[in-house]
Amino acid sequence: MSIETTVADAGDQITTMPEQMPAITVIGAGSWGTALAIQLARAGSVVTLWGRDRDLMSQMQQQRLNERYLPACSFPDNLKVEADWDRAVADAQRILVSVPSHAFRAVLEQLASTLGERVATLELAWATKGFELSTGLLPHQLAHKLLPECNNYAVVSGPTFALEVGAGLPTAITVAGSNPEWSMRMASALRTKNFIAYTSEDMVGVEIGGAVKNALAIGAGLSDGLGFGANARIAMINRGLRELSRLGLAMGAEAETFVGLAGMGDLVLTCTDDQSRNRRMGLALASGKSIDEAAEEIGQVVEGIGAARAVYEQAKRLNVRMPIIEQIYRVVVEGVAPRDAVEALLSRELGAGKEHG
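Quick note on the numbering used here: the sequence shown kicks off at 62 and runs consecutively.
Next up, the structure:
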């Protein structure tokens with residue numbers, strides 16, 4: 062079966078629904094939230110971008126750009142910046158959450174408190190990636206738990222860098238949800254000439270791809286930072302994809318998802334390009350810097366650190382073999398020297414057993 066056929070069978074169907082979207086609120090004014098807000102506005106929606114830092118939001122509104130994260134990406138006229146939570150969400154029909162995974166629960170709880178009975182008619186999407194560390198829950202599982210009355214969920218994921226989306230460079234993503242009509246509407250709201258949005262019904266697979274790839278990208282950075290070369294890098298990526306797939310299948314995902322944009326696509330991008338904060342974390346650790354030193358240098362949340370712990374613990378709970386994740390966990394949590402961990406992996410794991418084992 063060709064990759065193209067497999068992706069189509071997985072539900073990655075190109076979206077062409079010509080519909081004018083109602084206003085949408087984007088929660089989270091980091092690099093990715095800002096880029097998505099720009100893209101939604103560029104595609105024709107009236108967008109409100111909310112962030113908790115009032116001084117920063119005031120500066121963004123005055124300058125009409127996010128100087129901290131996307132200094133070259135101007136805001137369209139139909140993008141409004143808002144620091145007041147109630148004004149941003151109280152009347153919102155559609156909301157896109159783009160916050161780090163550790164903040165996702167708090168945002169959903171705040172939405173439940175603010176919206177009350179209106180949660181039942183809310184159309185909610187998120188671009189948050191990763192397991193919740195304390196519970197092992199994926200974002201859609203948290204949403205079902207905290208907003209049970211809401212029937213319209215979708216996750217926005219795929220191989221993207223915020224800077225390129227903000228600049229309007231060609232991009233393809235996946236929107237996955239349990240309600241196909243809402244997924245199509247969300248995908249349609251993002252679609253422009255240079256921005257292709259596909260839809261899928263495999264929320265589990267799409268979310269696992271987004272969670273695990275961040276940790277694996279640290280491993281790719283470690284390997285490259287230690288000078289182990291292109292052969293080791295591609296072995297790390299390929300075997301990492303196998304591990305990602307094993308965990309996904311154990312959690313009920315569809316196998317085809319992992320050869321699509323949200324699986325292989327996102328993994329390859331994050332592991333091979335230095336725009337990736339997670340890859341840069343691996344490179345920094347390989348050079349001898351501490352996690353704190355590397356994080357300060359990167360200047361943004363590095364999701365792969367928490368992801369390594371969360372994925373490792375989830376794999377243990379489900380008895381899924383993930384030797385690459387285990388070694389990355391040993392580096393970022395247990396403090397094992399990067400060279401010792403990567404050499405142990407390359408010598409004992411990547412070269413052992415059947416290729417498809």
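Ideal placement from N, C-alpha and C gives every residue a C-beta, glycine not left out.
{"Query": "Supposed close pair residue 232, residue 255 - CB separation, criterion 8 Å", "Result": "7 Å"}
{"Query": "Backbone secondary structure at residue 139 - three-state DSSP", "Result": "coil"}
{"Query": "Test item: CB-CB of residue 185 and residue 192 under 8 Å", "Result": "no"}
{"Query": "Limits of the alpha helix (DSSP H) - the one that residue 207 falls within", "Result": "200-207"}
{"Query": "Extent of the continuous alpha helix (DSSP H) to which residue 370 belongs", "Result": "364-379"}
{"Query": "Cβ-based burial, residue 284 [other Cβ within 10 Å; buried from 16]", "Result": "buried"}
{"Query": "Contact belief for residue 372 with residue 273 at Cβ below 8 Å, rounded distance in angstroms", "Result": "5 Å"}
{"Query": "Beta-carbon proximity of residue 223 to residue 262, cut-off 8 Å", "Result": "no"}
{"Query": "Residue range of the beta strand (DSSP E) that includes residue 113", "Result": "Residue 113 -> no beta strand (DSSP E), and no H or E assigned at all."}
{"Query": "Residue closest to residue 293, alpha-carbon to alpha-carbon, out of 161, 171, 176, 408", "Result": "408"}
{"Query": "Residue range of the unbroken beta strand (DSSP E) whose run includes residue 155", "Result": "155-158"}
{"Query": "Contact between the region 143-158 and the region 115-128 (3+ Cβ pairs under 8 Å)", "Result": "yes"}
{"Query": "Inter-residue Cα distance where the pair is residue 51 and residue 83", "Result": "As shown, the chain starts at 62 and ends at 418. That puts residue 51 outside it, with no answer to give."}
{"Query": "Inter-residue spacing [alpha-carbon to alpha-carbon] between residue 139 and residue 99", "Result": "9 Å"}
{"Query": "Residue 257 beta carbon near the ligand ZN (any heavy atom closer than 7 Å)", "Result": "For the structure depicted, the ligand ZN is absent and the ligand set is empty, with no information on it obtainable."}
{"Query": "Sequence ranges, beta strand (DSSP E) only - wholly within the region 210-252, length at least 3", "Result": "213-218, 232-237"}
{"Query": "N- and C-terminal bounds of the beta strand (DSSP E) containing residue 87", "Result": "85-88"}
{"Query": "Within 8 Å, strictly: CB atoms of residue 319 and residue 266", "Result": "yes"}
{"Query": "Per DSSP, the bridge partner or partners of residue 184", "Result": "155, 213"}
{"Query": "Buried versus exposed, by CB contacts within 10 Å (16 or more), residue 177", "Result": "exposed"}
{"Query": "Per-residue DSSP class, three states only, for residue 261", "Result": "strand"}
{"Query": "Beta-bridge partners of residue 127, as assigned by DSSP", "Result": "131"}
{"Query": "Within-8 Å CB hit, residue 328 to chain D", "Result": "Chain labels in this structure do not include chain D; a single protein chain is all it has."}
{"Query": "DSSP-derived helix/strand/coil call for residue 70", "Result": "Unreliable placement is indicated for residue 70, whose pLDDT of 35 sits below 50; no coordinate value is reported for it."}
{"Query": "Beta carbon of residue 253 nearer than 8 Å to that of residue 155", "Result": "no"}
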